[in-house]
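Below is one structure; the comments refer to it alone.
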């Protein structure tokens, strides 16, 4: 695969650039049609020049619709939750391969959610955001991806923001769908929380500042905060 990028483009900017305006006039295009043209051209280059399958962020699909997009594109889906219906349509009706990268809860640098929200997210379970609920659609879900944007982080809080939630994400994405429950002692032994506690202790012993397991992540604090009064020794 080759990821072509393609998210959060401000197409109005094309209208403010004289060279682009002249190019559009020669091509019979406008600012709106330039964007899918750019994404599709990149997709063709990835495929034809490098022999890889092209991936793009879902923005071009949600902005311009399936008819404007190269059918070979796999879409990496990050927007939530308003585009849930389009996520389903992309995978089920339009037949694109998709990667679930839902901003909530898979962007570790955003929001206010903890390990259980990450562990229990399933793009083929419509109790969640951004899901598909048909066998055909689920066959087009290639997997999931976790992201972490570092604009609000530095060495003082980076590792605590990543761990243990990055560990939770990795286990969930590489495990059987049957283990989707965070408190799954009935399906696995030891339970997720027990294994995570052991992993946290090992990382702490190695000098990695891992946040407490049961504290809720809150981006406002760039870390965790206690949900209720209790012992500071509690993981």
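In this note's numbering, the protein residues as written are 543 to 777. Glycine included, each C-beta is placed from N, C-alpha and C at the ideal position.
* beta strand (DSSP E) runs contained entirely in the region 662-690, provided each spans 3 or more residues -> The qualifying runs are 683-686.
* To do: Answer yes or no: do residue 656 and residue 599 have a C-beta to C-beta separation smaller than 8 Å?
  => no
* To do: Can you tell me which of 675, 573, 634 puts its alpha carbon nearest to the alpha carbon of residue 561?
  => Ranked by how close their Cα comes to the Cα of residue 561, the residues 675, 573, 634 have 573 in first place.
* Asked: Which of the three DSSP states, helix, strand or coil, is assigned to residue 697?
  -> coil
* To do: In the DSSP assignment, find the unbroken beta strand (DSSP E) run with residue 618 in it and report its ends.
  => 616-619
* To do: Specify the secondary structure class of residue 626 as computed by DSSP and reduced to three states.
  => Under the three-state reduction of DSSP, residue 626 is assigned to helix.
* To do: Return the first residue and the last residue of the alpha helix (DSSP H) that residue 577 is part of.
  => 573-592
* Asked: For residue 660, which beta-bridge partners are listed by DSSP?
  -> Paired residue(s): none; residue 660 is not in a bridge.
* How long is the line joining the alpha carbons of residue 594 and residue 685, rounded to whole angstroms? -> 18 Å
* What is the DSSP secondary structure of residue 733, reduced to helix, strand or coil? -> coil
* Asked: Along the chain, where does the alpha helix (DSSP H) that runs through residue 708 open and close?
  -> Where residue 708 is concerned, the enclosing alpha helix (DSSP H) starts and stops at 707-715.
* Asked: Does the pairing of the region 692-708 with the region 649-668 give three or more beta-carbon distances under 8 Å?
  -> The region 692-708 vs the region 649-668: in contact.
* Output the distance between the C-alpha atoms of residue 618 and residue 721, rounded to the nearest integer angstrom. => Using only the alpha carbons, I get a separation of about 24 Å.
* Find the nearest neighbour of residue 638 within the set 579, 744, 674, judged by alpha-carbon distance. => 674
* The alpha helix (DSSP H) with residue 647 in it runs from where to where? -> Taken as a continuous stretch (DSSP letters only), the alpha helix (DSSP H) holding residue 647 covers 645-648.
* To do: State the DSSP-derived secondary structure class of residue 563, mapped to helix, strand or coil.
  => helix
* Asked: Between the region 578-586 and the region 600-616, do three or more beta carbon pairs fall short of 8 Å?
  -> yes
* Where residue 547 falls: helix, strand or coil (DSSP) -> coil
* To do: Would you list the one or two residues that DSSP bridges to residue 751?
  => DSSP, once it has assigned bridges, lists no residue as partnering residue 751.
* To do: Can you tell me which of 559, 549, 543, 550 puts its alpha carbon nearest to the alpha carbon of residue 591?
  => 543
* To do: Can you give me the Cβ contacts of residue 701 inside the same chain, cut-off strictly under 8 Å, excluding the 5 residues immediately before and after it?
  => These residues qualify, in order along the chain: 750, 751, 752.
* Take residue 628 and list the residues in its own chain whose beta-carbon comes closer than 6 Å to its own, dropping the five residues that flank it on each side. => 604
* Residue environment, residue 759, which counts as buried when at least 16 other CB atoms sit within 10 Å -> buried
* Kindly identify the DSSP beta-bridge partner or partners of residue 596. => 544
* Output the boundary residues of the beta strand (DSSP E) element that contains residue 558. => Where residue 558 is concerned, there is no enclosing beta strand (DSSP E), given that its DSSP letter is neither H nor E.
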